[in-house]
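Here the working numbering is used: the first residue of the sequence shown is 4, the next is one more, and so on.
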Amino acid sequence: MRLPSIPGPSDVLAAVDGLREGLSEAVALVPRVVTAVGRIEGLLDRVSGVVSSVEGLLARADGAISAVGDTQRKADEAISAVSDTQRKADAAIDAVSDTQRKAD
């Protein structure tokens, strides 16, 4: 059975050296992370602007759809009024025909 080995001074120095290199790399990454976060914030601002524009577009589209619905209702009312006028004109023509027959 082997006993676990006790780290010697060179092992401790190597571990500290590795830790120092890791910390140096981590510290070197901080400016890049800050730059990336800044870019992400800029992109989020742009996305927010695009979303606001799309919301405005949707509101205008809803307004246009409502206006088309109103126009369609008015057109239906006008068509109904034309039908009523046509019926009245037909009745007047029939009355004139009756009057003409009676006159003959």
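The C-beta atom is built at its ideal place from N, Cα and C for all residues, glycine as well.
Between residue i and the ligand MN, is there a pair consisting of the residue's CB and a ligand heavy atom that are separated by less than 7 angstroms?
i	result
L60	Absence of the ligand MN is noted for the structure shown, with no ligands found whatsoever.
Hey, how far is the Cα of residue i from the Cα of residue j?
i	j	result
L29	S13	At residue 29 the sequence reads Ala, which differs from the Leu that was named. For A29 and S13, the distance between alpha carbons rounds to 24 angstroms.
D73	D79	10 angstroms
K77	Q103	38 angstroms
I9	A18	14 angstroms
D107	S100	11 angstroms
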